[in-house]
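**Student:** What follows is a structure written as structure tokens; I'll ask about it next.
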Amino acid sequence: MPTFGAQAKAYDGRTESIIGRAELPVQVAGVTHILNVALVNSMDDECLLGADFYRTFNAIVHPRENLLQIEGASERVALEAVTSGKSSNICSLQIGLSEVTELQREEIRQLVDRILPTGEVPVGCTSWAEHRIIVDESQRPVKQRYYPVSKKLEEDMHSQVRELLAAGHIRRSSSEWSSPVVMVRKANGSYRLCIDYRKLNAVTKVSAYPIPNMDIILRKLQSAKFITTLDLSAAFHQVPMSAGSEKYTAFTVPGLGLFEWTRMPYGVAGGPATFQELADKIIGPEMEPVAFAYIDDIIIATATYAEHLKWLEHVLKRINQAGLTINRDKSFFCRSEVKYLGVIVDKNGFRPDPDKIAPVTEMTAPKTLKQLRRFLGMASWYRKFLENFATIADPLNKLLKKNTKYIWGEEQQAAFERIKALIASAPMLSRPSFEHEFVVQTDASDSGLGAVLTQTIDGEEKVLCFASRTLNKAERNYSVTERECLAVLWAIQKFRPYVEGYRFRVITDHSSLRWLHNLRNPTGKLSRWSLELQQFDYIVEHRKAPTTLCRMHCLAYTRMKATKAQVASIIINEKAEDSWYNKLLAKCREKKRQQVLFECHEEPTSGHLGRHKTYERLAMRYYWPSAHRDVTKYVRECQICQQCKVQQLAPAGLMGRRAITRPWSVVAGDTMGPFPRSAQGKRVHHHLHGSLYKMDRSGTCTQSQRAHDSQTSARKSIFCDLALRRYFTPITAQSIKII
Numbered sequence: 001m002p003t004f005g006a007q008a009k010a011y012d013g014r015t016e017s018i019i020g021r022a023e024l025p026v027q028v029a030g031v032t033h034i035l036n037v038a039l040v041n042s043m044d045d046e047c048l049l050g051a052d053f054y055r056t057f058n059a060i061v062h063p064r065e066n067l068l069q070i071e072g073a074s075e076r077v078a079l080e081a082v083t084s085g086k087s088s089n090i091c092s093l094q095i096g097l098s099e100v101t102e103l104q105r106e107e108i109r110q111l112v113d114r115i116l117p118t119g120e121v122p123v124g125c126t127s128w129a130e131h132r133i134i135v136d137e138s139q140r141p142v143k144q145r146y147y148p149v150s151k152k153l154e155e156d157m158h159s160q161v162r163e164l165l166a167a168g169h170i171r172r173s174s175s176e177w178s179s180p181v182v183m184v185r186k187a188n189g190s191y192r193l194c195i196d197y198r199k200l201n202a203v204t205k206v207s208a209y210p211i212p213n214m215d216i217i218l219r220k221l222q223s224a225k226f227i228t229t230l231d232l233s234a235a236f237h238q239v240p241m242s243a244g245s246e247k248y249t250a251f252t253v254p255g256l257g258l259f260e261w262t263r264m265p266y267g268v269a270g271g272p273a274t275f276q277e278l279a280d281k282i283i284g285p286e287m288e289p290v291a292f293a294y295i296d297d298i299i300i301a302t303a304t305y306a307e308h309l310k311w312l313e314h315v316l317k318r319i320n321q322a323g324l325t326i327n328r329d330k331s332f333f334c335r336s337e338v339k340y341l342g343v344i345v346d347k348n349g350f351r352p353d354p355d356k357i358a359p360v361t362e363m364t365a366p367k368t369l370k371q372l373r374r375f376l377g378m379a380s381w382y383r384k385f386l387e388n389f390a391t392i393a394d395p396l397n398k399l400l401k402k403n404t405k406y407i408w409g410e411e412q413q414a415a416f417e418r419i420k421a422l423i424a425s426a427p428m429l430s431r432p433s434f435e436h437e438f439v440v441q442t443d444a445s446d447s448g449l450g451a452v453l454t455q456t457i458d459g460e461e462k463v464l465c466f467a468s469r470t471l472n473k474a475e476r477n478y479s480v481t482e483r484e485c486l487a488v489l490w491a492i493q494k495f496r497p498y499v500e501g502y503r504f505r506v507i508t509d510h511s512s513l514r515w516l517h518n519l520r521n522p523t524g525k526l527s528r529w530s531l532e533l534q535q536f537d538y539i540v541e542h543r544k545a546p547t548t549l550c551r552m553h554c555l556a557y558t559r560m561k562a563t564k565a566q567v568a569s570i571i572i573n574e575k576a577e578d579s580w581y582n583k584l585l586a587k588c589r590e591k592k593r594q595q596v597l598f599e600c601h602e603e604p605t606s607g608h609l610g611r612h613k614t615y616e617r618l619a620m621r622y623y624w625p626s627a628h629r630d631v632t633k634y635v636r637e638c639q640i641c642q643q644c645k646v647q648q649l650a651p652a653g654l655m656g657r658r659a660i661t662r663p664w665s666v667v668a669g670d671t672m673g674p675f676p677r678s679a680q681g682k683r684v685h686h687h688l689h690g691s692l693y694k695m696d697r698s699g700t701c702t703q704s705q706r707a708h709d710s711q712t713s714a715r716k717s718i719f720c721d722l723a724l725r726r727y728f729t730p731i732t733a734q735s736i737k738i739i
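In UniProt numbering, the protein residues as written are 1 to 739.
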């Protein structure tokens, strides 16, 4: 098979030219598989079993027994360890030519051997920092029972505890505090001893020392032609615990008793902050932008070999001065491409690590909310590589809302597959160059906002970062212009660490900013938006919608000519397969409308339904512009409905105001009695109430007169005496009894 100049490269830079490839049958413990191997002229060192071997043979390593278990084999295979002396090499396959010469490779090897010890090296212990656990004195000690485990796991647990005890990382304890041990299964099948410190962390006062932003570190690696990454051996265990804090780390081991840590354990709150503070003492801000430390992950990147050699020596010496130990097997020196913080870094920028994205792209459709949250959490980490991620993931995010039934439909499946495809084909993101102009491109849809930060360097447009978010309920009611303004404002704030203090361009497919700038006396949110944008120095460029945020190259196509018969056939077939066209209605002519109304309302199968149900029955088959109005009129005039149905009237409303045109225009009369007869022989009282003011029923005048009885003639006489003769003739008279 052709090789195209491929080389096998050791960690110290030494290479061997690959002269070909072959498919070689390999048999281990009676199990045979075909492996794709690289052929070289000579190899003085032993071969190491790589990841492809373990995947093909489905092999599991048992490090304590030093045995290899292979699927389908009847017995385990003894492994032979390779020492880490000068003669051993950790090989990797590199396509293309090396960045360094043979002399430079030798210089790197000598430098590393001179500063770093070889062979088995115990884990170091620094004197530059110590971890302190602060708990409120009034807090009662957290005391938890251990978790029951199987006999096999208990043996692994005891073995690891004895190793830690022999190394001096733990000691026996009589503390009042106790946390349980958890055995976590690793990828190779073995188990790691961990402590469940969740209840201790809940009552611990955590340091506010900041952890660096990973994206900022990756973008500050301006010159990354020569890269070195350093890995510390059991990094947290190289930091001692402060006096008095050991008792809080106590943990129970079934069958062995109670132990506490003398070194900082993994899982305690504040541990990352403590180690980050130590890393900043070793690799301080004065080393930027050459060397950075994210907790225990250290990277050195330079543009030239000489500069790289100088900084590598300086960093290694600082680590030695701090008393820390470096894991040489997991460190990579003077590479042109390395894996760092979950991405692959090289001189052109950084892109997702295929090994890290494999669990996302290989996931099956989530069946529960928990699985969906897990997928979105993993996919969201790569959203800076994905254009319009929020808009694409909107159908999935809708399932996370409260009181929403989990129904996985075609829309969700399409969004799920598209996200996986985008992650699998995620582009390379470039690093910002502050000597070139930044370009912010924005777009807004009905459900989300999207933005991309780019630069044009040497005539090539390079993508620096993608950003997106969904619109909330209120923002979805914005007009198109307001959404475009919001997209620009949000994008500038998102990319503020890059564009602030520089003149940049804003490209949008809508004249939103011009509208905002030309708006007279803006108020509310528009006023706030206008003020926030005034602090930035930018120019606006309008770009038509099809080209905004467009980064996909169009594939070449051939223009095809079709006949009318072919087009008609396609239309007929598509209509037949489309369920929407099966619901088309017949347009009813005017002369047949009465017959249709009769069939939908008066036929025995129709049952003289009301206007709404009659219209629903008609709308299933027919349509004309005034159909609803005609149905309402037909049902209202139906003779059978008028004769047989109860009249439907609106309920009586509350009493309303009466318009008063002049005093005493409205008169109300009432009679009270009979009462005990008076000395004059009168038994009833007649009252008249007359209105005095317009539109005011409270302003009334009351006239009263006693009478012998309540006969009609007596009421008429009193009405004439009290109203007609004294005041105006009333327009309206109100009375319970007819006057």
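All C-beta atoms, glycine included, are put in the ideal place defined by N, C-alpha and C.
Straight-line CA distance for Ile319 to Glu137?
**Tutor:** Going from the Cα of Ile319 to the Cα of Glu137 covers about 36 angstroms.
**Student:** So Ser175 packs on Ala250, CB below 8 angstroms; how close in whole Å?
**Tutor:** So it is a contact: roughly 4 angstroms between Cβ atoms.
**Student:** Taking only three categories from DSSP, how would you classify Val149?
**Tutor:** Coil.
**Student:** What residues are listed by DSSP as bridge partners for Leu339?
**Tutor:** The sequence given here places Lys at residue 339; Leu does not occur at that position. Answer is Ile344.
**Student:** For Leu372, which of helix, strand or coil comes out of DSSP?
**Tutor:** Note: Leu372 maps to helix in three-state DSSP.
**Student:** Residues in its own chain within less than 7 angstroms of Pro212 by CB, not counting five upstream and five downstream?
**Tutor:** Result list for Pro212: Tyr294, in chain order.
**Student:** Report the residue ranges of all alpha helix (DSSP H) runs contained in full by the stretch 226 to 307; include only those spanning at least 4 residues, in chain order.
**Tutor:** Here the runs fully enclosed are 271 to 282.
**Student:** Looking at Phe466 and Arg383, is the spacing between their C-beta atoms short of 9 angstroms?
**Tutor:** Closer than 9 angstroms, so yes.
**Student:** Excluding sequence positions up to five away, which residues of its chain have a Cβ less than 7 angstroms from the Cβ of Ile419?
**Tutor:** Correct list, in chain order: Ala379, Ile392, Ala393.
**Student:** Taking just the CA atoms, how far does Glu500 sit from Ile216?
**Tutor:** The alpha-carbon atoms of Ile216 and Glu500 are separated by roughly 15 angstroms.
**Student:** Let me know if Ala487 comes out buried or exposed under the rule of 16 or more other beta-carbons within 10 Å of its beta-carbon.
**Tutor:** Buried.
**Student:** Within the chosen definition, does the stretch 262 to 279 reach the stretch 234 to 241 through at least 3 CB pairs nearer than 8 angstroms?
**Tutor:** Enough Cβ pairs lie closer than 8 angstroms, so yes.
**Student:** Which residue from Leu200, Glu277, Leu316 puts its Cα closest to that of Val268?
**Tutor:** The option with the nearest alpha carbon to Val268 is Leu200.
**Student:** When we look at the beta-carbon of Thr204 and count the other beta-carbons within 10 Å, is it buried (16 or more) or exposed?
**Tutor:** Counting Cβ neighbours within 10 Å, Thr204 comes out buried, since at least 16 surround it.
**Student:** Is the beta carbon of Ala273 less than 9 angstroms from the beta carbon of Ile283?
**Tutor:** Not closer than 9 angstroms, so no.
**Student:** Quick one: Cα of Ala301 to Cα of Gln160, how far?
**Tutor:** Rounded to the nearest angstrom, the two C-alpha atoms are 37 angstroms apart.
**Student:** Is it right to say Gly30 is buried, meaning 16 or more other beta carbons lie within 10 angstroms of its own, or is it exposed?
**Tutor:** By the 10 Å Cβ count, Gly30 comes out exposed.
**Student:** Applying the 10 Å Cβ sphere with the 16-neighbour rule, what's the burial state of Glu288?
**Tutor:** Exposed, because fewer than 16 other Cβ atoms sit within 10 Å of the Cβ of Glu288.
**Student:** With 16 other CB atoms within 10 Å as the buried threshold, where does residue 766 fall?
**Tutor:** Because residue 766 is not part of the residues shown, which for the chain are 1 to 739, the question remains open.
**Student:** Check the DSSP bridge columns for Thr508 and list the partner residues they point to.
**Tutor:** Answer by DSSP bridge pairing, in chain order: His542.
**Student:** Could you tell me the alpha carbon to alpha carbon distance between Pro148 and Val61, rounded to whole angstroms?
**Tutor:** So the two alpha carbons sit approximately 25 angstroms from each other.
**Student:** Name the one or two DSSP bridge partners that residue 742 has.
**Tutor:** Because residue 742 is not part of the residues shown, which for the chain are 1 to 739, the question remains open.
**Student:** Compute the Euclidean distance between the alpha carbons of Cys334 and Thr118, then round it to the nearest angstrom.
**Tutor:** Rounded to the nearest angstrom, the two C-alpha atoms are 19 angstroms apart.
**Student:** Starting from Pro352, trace the alpha helix (DSSP H) both ways and give me its first and last residue.
**Tutor:** Note, Pro352: premise wrong, no alpha helix (DSSP H); beta strand (DSSP E) at 349 to 352.
**Student:** Can you tell me which of the three DSSP states Ala322 falls into?
**Tutor:** Coil.
**Student:** Under three-state DSSP, which class holds Glu23?
**Tutor:** It is a strand residue.
**Student:** Between the alpha carbons of Arg539 and Leu230, how many angstroms are there, rounded?
**Tutor:** It should be pointed out that residue 539 corresponds to Ile in this sequence rather than to Arg. Each residue's alpha carbon lies about 44 angstroms from the other.
**Student:** Verify whether the separation of the beta carbon atoms of Glu260 and Lys281 is less than 9 angstroms.
**Tutor:** No, Cβ-Cβ distance for Glu260 and Lys281 is not below 9 angstroms.
**Student:** Please classify Arg483 as buried or exposed, where buried requires at least 16 other C-beta atoms within 10 Å of its C-beta.
**Tutor:** Buried, by the Cβ-count rule.
**Student:** Taking 9 angstroms as the cut-off, decide whether the C-beta atoms of Leu386 and Leu422 are in contact.
**Tutor:** Yes, the pair counts as a contact, with Cβ atoms nearer than the cut-off.
**Student:** Quick one: give me the first and last residue of the alpha helix (DSSP H) that Val121 is part of.
**Tutor:** Where Val121 is concerned, there is no enclosing alpha helix (DSSP H), given that its DSSP letter is neither H nor E.
**Student:** Are Leu464 and Arg219 touching if we call contact CB-CB under 9 angstroms?
**Tutor:** Cβ distance < 9 angstroms, so Leu464 and Arg219 count as in contact.
**Student:** Ignore the nearest five residues each way along the sequence and tell me which others in Val182's own chain have a CB closer than 6 angstroms to its CB.
**Tutor:** Contacts found: Cys194, Asp196.
**Student:** Of the residues Gln27, Gly377, His33, Asp52, which one's Cα is nearest the Cα of Val77?
**Tutor:** Closest option to Val77, Cα to Cα, is Gln27.
**Student:** Could you check which residue in Leu376, Lys367, Lys347 has the C-alpha nearest to that of Ile357?
**Tutor:** Measuring from the Cα of Ile357, the nearest candidate turns out to be Leu376.
**Student:** For a quick check, are the C-beta atoms of Phe434 and Arg505 less than 9 angstroms apart?
**Tutor:** Contact: no.
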